[in-house]
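Peer 1: Take the position in the sequence shown, starting the count at 1, then add 21; the result is the number in my numbering. The C-beta atom is built at its ideal place from N, Cα and C for all residues, glycine as well. I have a structure here, written as structure tokens, and I will follow up with some questions on it.
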Amino acid sequence: MVFLVFASAFLSACNTSKDNNDDTTLFALLLAQSASAPCSTRCHIFLSSSLRSGRIGIGGITGADAVCNADSNRIQGKTYKAMITVPGVREAIGNPTGSMTYTDWVLKANTFYYNSTDASNTTGSTTTSNKIFRDSNTTMQINFALGANGTRFWTGMTITGGNIANSSDNCTNWTITNAGVNGVTGVVGASTTTLVDTTTDTCNLTKSIVCVEQ
């Protein structure tokens, strides 16, 4: 009986979804009931194949997490969170080599994050004790490309006075698709991925997001 009620709710929600930024909200609810065991010293990170406007999904962070957990680039059976920031909700702020504070942050300390596009699962980067990437002293840069060179993705993170900070350019906490509002993006390089940048795009445009195993 429980299964029938569960299945009925799933089908009903799927039939009523009209916005491609909303269609993963139910998935987030299902995920909460069947979350996988946390990863330890090796975790998966990927760039979503799904492109989303500044309104990444229903509920801001919740919707973005749901996008990650329904994306075709995920490894099934694992749980993911989106590497986007909202002040006081999801953030890592402070000195990248000194003192930092965290709220629902997606990265673990001293952990190897690998990219599943490499069949050997050996391509990756290791976080510092401050739960960030720091490649060749460049803050929040990893030494491999998460996707095609030049690809941009939503982040909401920036550098201010040498410190990691939240940007006010975050598509109103990732809830709107408005050409008059901006969101900060990161960028994939030829052999790197820069997770903190100062470049913005308008929130009506679509971007990928970085998804991190939990």
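Tell me the rounded alpha-carbon separation between Gly145 and Met178.
Peer 2: Distance between the alpha carbons of Gly145 and Met178 is about 21 Å.
Peer 1: Give every residue of the same chain whose Cβ lies closer than 6 Å to the Cβ of Thr181, excluding the five residues on either side of it in the sequence, and list them in chain order.
Peer 2: Contacts found: none.
Peer 1: Let me know if Thr100 comes out buried or exposed under the rule of 16 or more other beta-carbons within 10 Å of its beta-carbon.
Peer 2: Thr100 should be labelled buried.
Peer 1: Could you tell me which of Ala58, Leu68 and Arg63 sits nearest to Gly168, measuring between CA atoms?
Peer 2: That would be Leu68, whose Cα lies nearest to the Cα of Gly168.
Peer 1: Below 6 Å CB to CB, which residues in the same chain sit around Arg63 once its five sequence neighbours on both sides are set aside?
Peer 2: Answer for Arg63: Phe133, listed in chain order.
Peer 1: Inspect the beta-carbon positions of Asp190 and Gly207 and report whether they are closer than 8 Å.
Peer 2: In this structure, Gly207 does not lie closer than 8 Å to Asp190 by Cβ.
Peer 1: Thinking C-alpha only, which one of Thr159, Arg111, Arg76 and Ser70 is nearest Leu226?
Peer 2: Closest by alpha carbon: Arg76.
Peer 1: Name the DSSP beta bridge partners of Ile79, please?
Peer 2: Paired residues: none, contrary to the question.
Peer 1: Kindly indicate which residue of Asn187, Gly183, Asp222 and Thr160 has the alpha-carbon position closest to the one of Leu216.
Peer 2: Out of Asn187, Gly183, Asp222 and Thr160, Thr160 has the C-alpha closest to the C-alpha of Leu216.
Peer 1: From this set, Asn158, Thr122, Ile79 and Ala91, which residue's C-alpha is nearest Thr198's C-alpha?
Peer 2: For Thr198, the nearest C-alpha among the options comes from Ile79.
Peer 1: Enumerated in chain order, which unbroken segments of the beta strand (DSSP E) with a length of 3 residues or greater are wholly contained in the segment 91-167?
Peer 2: If we require 3 residues or more, the beta strand (DSSP E) runs fully inside the segment 91-167 come out as 101-103, 112-115, 121-124, 133-135 and 145-147.
Peer 1: Among the residues of its own chain, which have a CB less than 6 Å from the CB of Gly98, if the five just before and after it don't count?
Peer 2: Hits under 6 Å: Ser57.
Peer 1: So Asn194 packs on Thr223, CB below 8 Å; how close in whole Å?
Peer 2: Not confirmed; about 16 Å, so no contact.
Peer 1: Just how far apart, CA to CA, sit Tyr123 and Trp175?
Peer 2: If I take the Cα positions, the gap works out to 19 Å.
Peer 1: Among residues of its own chain, excluding the 5 on either side of Ile82, which ones have a beta-carbon nearer than 6 Å to its beta-carbon?
Peer 2: Excluding residues within five positions, the ones whose Cβ falls inside 6 Å are Val107, Val110 and Arg111.
Peer 1: Pick out whichever of Leu72, Gly115 and Asn158 has its Cα sitting closest to the Cα of Asn184.
Peer 2: Looking at the Cα atoms, Gly115 is the closest of the given residues.
Peer 1: Should Asn94 be labelled buried (16 or more other beta-carbon atoms within 10 Å of its own) or exposed?
Peer 2: So Asn94 counts as buried.
Peer 1: Have a look at Arg73 and Thr214 and give me their C-alpha separation to the nearest angstrom.
Peer 2: Cα to Cα, the separation comes out at about 19 Å.
Peer 1: Using a Cβ-Cβ cutoff of less than 8 Å, which residues in the same chain neighbour Gly201 once the five nearest sequence positions on both sides are dropped?
Peer 2: These residues qualify, in order along the chain: Thr223.
Peer 1: Mind checking who Ile185 pairs with in its DSSP beta bridge?
Peer 2: Gly115 and Ile180.
Peer 1: One question on the structure: do Lys102 and Val233 come within less than 8 Å of each other, judged by their Cβ atoms?
Peer 2: Taking 8 Å as the Cβ cut-off, Lys102 and Val233 qualify as a contacting pair.
Peer 1: How many angstroms separate the CA atom of Lys228 from the CA atom of Ala91?
Peer 2: The alpha-carbon atoms of Lys228 and Ala91 are separated by roughly 16 Å.
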